[in-house]
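Okay, structure first, notes after.
Protein chains in written order, with this note's numbering: chain A, 14 to 357; chain B, 24 to 422; chain C, 237 to 550.
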């Protein structure tokens, strides 16, 4: 139980697709702790996915949202908000829906307060003109650790608490979104876009399309897309996959050769009201927009296990295969060092 | 246990979208000579009732009703009741998924009125829709909902005001029915003009809850300017109350419906309680995928964590003049962080907030569906309003 | 127990209502047999050591992946690590033998792992049925989907494989042109569009009927698997089946019965469900895709993904 102070900036930027195309986007950037005179240097540096927000049950999270403005669209004075999707018993002031509370104009700050009481996989996103701002990229991963979480004690390195059968050795996000190049282009050039025409050209995991999903170099290659989507493990390890769908379509993800145990949906363990164990196994994770699914598997024999969308027509980049919502799970014989942090 | 005689007239009509668009529909009307309404007039019966639904066809083609989840539906063409079934023409081609009422003036002199009979054996939420040319007729609006109350239902006794019976974990204080669907205006226009329509070109431009697109979804039942779209989708409850929300997916797309403010507990699917003997299979979700042709019963509640003036929030709300309140010119916000309290809203913004209630959006998370022809806000969106205890009055009944 | 399966990937044509023959790629059960859609049903027992030999008569490499099985694929990548195939390939004119030991009963897709967005759509998919221990095809009392204690005994079993056909893509690929954007114009169940779906089994390129026949009181097990790229929603009119398993994981065990009743069920791409119902009174009961635009041929209803259950007197 701690006070967690974070500060995210809302701004714009560009992301890269595998064949080299650049796409204008909106997003969040982590400006926690930056001196005030430096925060505006982060304008135009939005990232996709947004920075990981990690908290523990009982923490008091003070998340300041600062609207840095959008240098790529100086005419656009859109406000922004943060909506913690799925936060139980939230109050409108911190729910991030402009029509039911308030939004943050350019140049202003607002402090959201969250005291999470339930562990699990959530997501956050802007809820100002959400059809535009979510597609443009204002989305990010969010996880809540159980109160007894301790990464150094195996029985307490769990998703839902000691004794819940959710121990893991490594964890990865599988965060699904799509990109409609025309929408991003229209918005970049100050034109209207008819959102009922939404049709993706790219499908992404953790903000990147294949093969960038399996490229573990960040930094200069992907300055604005810091997360890859490559899963790595040693045989026998328990791997936690946090599936998040913050796109506008349903998707069907499978890992060839590895069926999955679903241990939570929408940050709820499948435990019946009398304690029934309702967890189940699936070969394909069928997930809709706004849902999260936690799945565990025990890493099998060493090898390279393809992860792909069984909606195979989404495994393309602007019409060219292979691409899209594809990654891999690489299993090693024991040589992999421990995971420094989620998704790494 | 009674006999319920219900008449539905298959007719045409028009509905309104908030951007001014007028959509020609085919649907069920509540009386002879009336225009169709969207969705069909709600039917609420009791478990054990013998239900007789008489369909009078006023459309230019045959139509029918299928009743998924009802067993042993029969029709009687004068020679005694017989089970419904698919109908074929003389060459063995399927012409309807079920027995139908032909169109007035049909050259074969077939009846244009048909009565479907069944005993409502099970409580629950059920869809009803056309079984003839459904690829056209269901899209056009020939769909609705049937609610069956459990045999022991008694709204005056809390333990018996339930969806599935006493001790089924389905008690509620208020209930709401949301029938969701899509509208492709080109299909409706083609039918209105008698022109061909290319099925593969299906492209919805409007998304509806109870036949209305937001913000009309939030206006009351029987709003005078929506004469053929009588049902509101506004959900209202008091703090700590349990609300039964019945989803019916009447379109062909699957819609991920996400309520803000809390999870829902899904207690039944397609009118089947999620209970097997001693095993309770209900589950909680913050997004329920309302899949095509399927129904979902869930319980929603909001209790909060107890913030009020004596247990204040740990942050300071900035001066609202420095923030964006009601960018569109209106807001649902009370101006205060606390339930039941109203405070200043910046000048020039109209607040529709009445009593300091909290508003939580309930909407499809495939965000293009919360637009009206691409313009936000609109579409498949409504609000859940949580009122302070004792202030709400009589909202949330189906009758 | 060892089982040897031999498949030939080859060209063929299928018949869809209202248009001429449509070229496709499918698996054939013999060197001289026709390519079929879906591929030949492979029937093996849990824990069999199965060797599937794929002979490739196409002009492009193909492979087989065993979706839902616990196995280690051996993907083929290019020099930069990009997937060319999700599993080892049989080159054009060549063959490859896969070894797989299914460790649980159920129904599973086998399908191409090479350019799957093209080859699966072209028709390279089929179903493998894995029988539980004790199953004896000659002894009806032993027929269960998942073994004793799983509540999956049945009298009549039917496998239904749903999918889509994009005829423009099939024609383009056959002509050696780029496949184009996926936009299916036909919808199929057991490789056929209604009313062909209810015609009997035959020896042609779409050999499996989707029609179901049973007598009142019989327990009918529908094993439905979605081999398409889109979601499909199957509605059974007049019948409320019980869902016994999803993705071939049974829902009933000694300690919990998580089976549930459903009238209409949505299958995401690659998913499967086992549904059980007791055949009601004699009549015809329609199963159709409630994504109604998949229950048509062109612009006409009925069509597409639709079939009929005929229940007769015992």
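Just so it is clear, CB atoms sit at the ideal spot from N, CA and C, and this is done for glycine as well.
On a predicted model such as this, the values are computed, not experimentally measured, just so you know.
- In this structure, residue 277 of chain C lies near residue 363 of chain C, with their beta-carbon atoms less than 7 Å apart.
- Chain C places a beta carbon closer than 7 Å to that of residue 317 of chain A, counting this residue as a contact.
- Excluding the 5 residues flanking it on each side, residue 215 of chain B has same chain C-beta neighbours closer than 7 Å at 47, in chain order.
- Inside the segment 206–247 of chain A, DSSP marks whole beta strand (DSSP E) runs of 3 or more residues at positions 215–218 and 244–247, from first to last along the chain.
- Within the segment 274–301 of chain B, contact with chain A at the beta-carbon level (separation under 8 Å) is assigned to 277, 279, 281, 283, 284, 285, 286 and 301.
- The alpha carbon of residue 166 of chain A has as its nearest neighbour, out of A:155, A:153, A:154 and A:181, the alpha carbon of A:181.
- Contact annotation: in the segment 498–516 of chain C, residues whose CB is within less than 7 Å of a CB in chain B are 498, 499, 500 and 502.
- Note: residue 152 of chain B is bridge-paired with B:89 and B:166 in the DSSP secondary-structure output.
- Across the segment 293–312 of chain C, CB contacts with chain A closer than 9 Å involve 301, 302, 303, 304, 305, 306, 307, 308, 309, 310 and 311, in sequence order along the chain.
- In this structure, the CA atom of residue 512 of chain C is about 29 Å from the CA atom of residue 307 of chain A.
- For residue 283 of chain B, there is no enclosing alpha helix (DSSP H), since its DSSP letter is neither H nor E.
- Exposed is the label assigned to residue 198 of chain A, since fewer than 16 other Cβ atoms lie within 10 Å of its Cβ.
- Per the DSSP secondary-structure output, residue 371 of chain C pairs with nothing in a beta bridge.
- Considering only beta carbons, the part of the segment 144–172 of chain B lying closer than 8 Å to chain C consists of 154, 156, 157, 158, 159, 161 and 162, in chain order.
- At least one CB atom of chain A sits nearer than 7 Å to the CB of residue 353 of chain C.
- For residue 224 of chain B, the secondary structure class from DSSP, reduced to helix, strand or coil, is helix.
- Nearest CB-CB separation between residue 459 of chain C and chain B: not below the 7 Å threshold.
- Ranked by Cα distance from residue 306 of chain C, the first of A:15, A:328, A:312 and A:48 is A:312.
- Counting only Cβ-Cβ distances below 8 Å, residue 307 of chain B has contacts in chain A at 279 and 281, in chain order.
- Beta-bridge annotation (DSSP): residue 43 of chain A is paired with A:21.
- Annotation for residue 388 of chain C: 380, 381, 382 and 480 place their beta carbon closer than 6 Å to its own, counting only its chain and skipping 5 residues before and after.
- Looking at the DSSP output, residue 334 of chain A shares a beta bridge with no other residue.
- In terms of Cα proximity to residue 296 of chain C, the closest of C:432, C:251 and C:350 is C:350.
- Counting every other CB atom within 10 Å of its CB across the protein chains shown gives residue 226 of chain B a total below 16, marking it as exposed.
- Contact between residue 446 of chain C and residue 396 of chain C holds, with the beta-carbon distance rounding to 6 Å and staying under 8 Å.
- Secondary structure at residue 183 of chain B: helix, using DSSP grouped into helix, strand and coil.
- Secondary structure at residue 262 of chain A: coil, using DSSP grouped into helix, strand and coil.
- Per the C-alpha coordinates, the member of B:204, B:302 and B:256 positioned closest to residue 277 of chain B is B:204.
- Contact of residue 527 of chain C with chain B is assigned, a C-beta pair being separated by under 7 Å.
- Listed in chain order, the alpha helix (DSSP H) runs fully inside the segment 408–447 of chain C amount to none, counting runs of at least 4 residues.
- For the segment 118–143 of chain B, the residues whose beta carbon sits under 8 Å from a beta carbon of chain C are, in order, 120 and 121.
- For residue 287 of chain C, the enclosing beta strand (DSSP E) stretches over residues 285–292.
- Residues of the segment 376–395 of chain C with a C-beta atom less than 9 Å from some C-beta of chain B do not occur.
- Under the 8 Å Cβ criterion, the segment 315–323 of chain C does not count as touching the segment 255–272 of chain C, having fewer than three qualifying pairs.
- Within the segment 27–77 of chain B, the complete beta strand (DSSP E) runs of at least 3 residues fall at 45–52 and 66–69.
- For the C-beta of residue 356 of chain C, the chain A residues within less than 7 Å are, from N- to C-terminus, 325.
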